[in-house]
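K.L.:
Quick one: this structure, given as structure tokens, is what I'll be asking you about.
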Amino acid sequence: MPHVLITGANRGLGLEFARQYTEAGWDVVATARQSSLELEALEVRVETLDMQDLDAVERFGDRLDRLDLLIANAGTYGPREVTTADEAREWAETFVTNTIAPFLLAQSVLPLVEASSGKLIAISTKMGSIEDNTSGGFIAYRSSKAALNAAWRNLAIEARNRGVAAAVLHPGWVQTRMGGASAPLEPEESVAGMRKVIEGISLEQSGDFFSYDGTTVPW
Numbered sequence: 010m011p012h013v014l015i016t017g018a019n020r021g022l023g024l025e026f027a028r029q030y031t032e033a034g035w036d037v038v039a040t041a042r043q044s045s046l047e048l049e050a051l052e053v054r055v056e057t058l059d060m061q062d063l064d065a066v067e068r069f070g071d072r073l074d075r076l077d078l079l080i081a082n083a084g085t086y087g088p089r090e091v092t093t094a095d096e097a098r099e100w101a102e103t104f105v106t107n108t109i110a111p112f113l114l115a116q117s118v119l120p121l122v123e124a125s126s127g128k129l130i131a132i133s134t135k136m137g138s139i140e141d142n143t144s145g146g147f148i149a150y151r152s153s154k155a156a157l158n159a160a161w162r163n164l165a166i167e168a169r170n171r172g173v174a175a176a177v178l179h180p181g182w183v184q185t186r187m188g189g190a191s192a193p194l195e196p197e198e199s200v201a202g203m204r205k206v207i208e209g210i211s212l213e214q215s216g217d218f219f220s221y222d223g224t225t226v227p228w
């Protein structure tokens, strides 16, 4: 039975990842700051993890015996604009949740994933694509996800030498709390697409940026 670790699994895309991998027969470890009734109903292993707690993130690999796949899904929007010192501090916290903690978590579990020749996946967004940014706005979210892309590309170089593929995925515009009700994609379709992409990622594609439909996203 393959093992997957999913962060931010109490709702939205993380919850749907947990549901679909459970139905596919995977052993699922789901993390969140606080669990939810929906997550508990899946009867997966739920672990409390606050991505702002970097000490806990660093040690998280010690909680696991084996791992085939990491899906670093937890994220936050942060402030939409930064014009005050308080907003700047929120921006810094956004970087911890969206960039630093996922990278640190990947380092923590890398030996386990190496042992299974598995994969390290981060959920990013086209809003983190510098080339795709023509509208501006959402500075904290955009910049932290662009930094996540860069960090994961760096991780991929190291991981590839250890037989581990690493990639970032754009889930599309999805009907979640972050995406809003007017988004064209439902979580089921987005996650099903991303699972197919994840399954097909090879070492030769390690370090790339893919959309949920398998197309390549520009950096």
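Heads up: the sequence shown begins at 10 in my numbering, then just goes up one per residue. Cβ atoms here follow ideal geometry from the backbone N, Cα and C, with glycine treated the same way. Quick caveat: nothing in here was measured; it's all calculated off a predicted structure.
By the three-class DSSP mapping on this structure, what secondary structure does residue 89 have?
P.N.:
Three-state DSSP puts residue 89 in coil, outside helix and strand.
K.L.:
List in chain order: all unbroken alpha helix (DSSP H) runs of 4+ residues lying wholly within the region 148–210.
P.N.:
Counting only runs of 4 or more, we get 148–169, 196–209.
K.L.:
If you draw a straight line from the alpha carbon of residue 50 to that of residue 200, how long is it in whole angstroms?
P.N.:
Roughly 19 Å between the two C-alpha positions.
K.L.:
Which whole-angstrom value is the C-beta distance of residue 26 and residue 82, which I expect to be below 8 Å?
P.N.:
Yes, they are in contact, since the Cβ atoms of residue 26 and residue 82 sit about 6 Å apart, within 8 Å.
K.L.:
Closest to residue 214 by C-alpha separation, out of 169, 191, 182, would be which residue?
P.N.:
The option with the nearest alpha carbon to residue 214 is 169.
K.L.:
For residue 74, count neighbouring Cβ atoms within 10 angstroms of its own Cβ and tell me buried if that reaches 16, exposed if not.
P.N.:
When all chains shown are included, residue 74 counts as exposed.
K.L.:
For the candidate residues 190, 48, 65, 40, whose alpha-carbon lies nearest to that of residue 57?
P.N.:
It is 40 whose Cα lies nearest to the Cα of residue 57.
K.L.:
How is residue 42 classed by DSSP in three states: helix, strand or coil?
P.N.:
DSSP places residue 42 in coil when its eight states are reduced to three.
K.L.:
Give the list of continuous alpha helix (DSSP H) stretches no shorter than 4 residues that lie fully inside the region 21–85.
P.N.:
Within the region 21–85, the complete alpha helix (DSSP H) runs of at least 4 residues are 21–32, 46–50, 63–68.
K.L.:
By how many angstroms is the C-alpha of residue 135 removed from the C-alpha of residue 221?
P.N.:
Residue 221 and residue 135: Cα-Cα distance of roughly 11 Å.
K.L.:
Let me check understanding here. Comparing Cα to Cα, which of 13, 20, 44 lies closest to residue 33?
P.N.:
That would be 13, whose Cα lies nearest to the Cα of residue 33.
K.L.:
Find the nearest neighbour of residue 197 within the set 29, 91, 20, judged by alpha-carbon distance.
P.N.:
Comparing Cα positions, the closest option is 29.
K.L.:
Only counting the same chain, and skipping five residues up and downstream in sequence, which positions put a Cβ closer than 7 Å to that of residue 8?
P.N.:
Since the first residue shown for the chain is 10 and the last is 228, residue 8 is missing from the structure and cannot be characterised.
K.L.:
With a CB to CB cut of under 6 Å and the five nearest residues on each side skipped, what residues in its chain are close to residue 231?
P.N.:
With the chain covering only 10 through 228, there is no way to say anything about residue 231.
K.L.:
How is residue 110 classed by DSSP in three states: helix, strand or coil?
P.N.:
Residue 110 falls in the helix class under three-state DSSP.
K.L.:
Going by DSSP, what residues sit across from residue 225 in a beta bridge?
P.N.:
The partner list for residue 225 (beta bridge, DSSP) reads 219.
K.L.:
What is the C-beta distance between residue 132 and residue 63, in whole angstroms, given that I count them as a contact (C-beta under 8 Å)?
P.N.:
Between residue 63 and residue 132 the Cβ distance is about 19 Å, and since that is not below 8 Å, they are no contact.
K.L.:
Does the separation of the CB atoms of residue 87 and residue 149 fall below 8 Å?
P.N.:
Contact: yes.
K.L.:
Would a C-beta distance cut-off of 8 Å place residue 121 and residue 70 closer than the cut-off?
P.N.:
Going by C-beta atoms, residue 121 is nearer than 8 Å to residue 70.
K.L.:
Name the DSSP beta bridge partners of residue 131, please?
P.N.:
Bridge partners of residue 131: 81, 177.
K.L.:
Name the residue from 68, 205, 115 whose alpha carbon lies nearest to the alpha carbon of residue 165.
P.N.:
With distances taken between Cα atoms, residue 165 lies closest to 115.
K.L.:
For residue 153, which residues from the same chain have a beta carbon less than 6 Å from its beta carbon, with the 5 sequence-adjacent residues on both sides left out?
P.N.:
So the qualifying residues of the chain are 103, 104, 107, 108.
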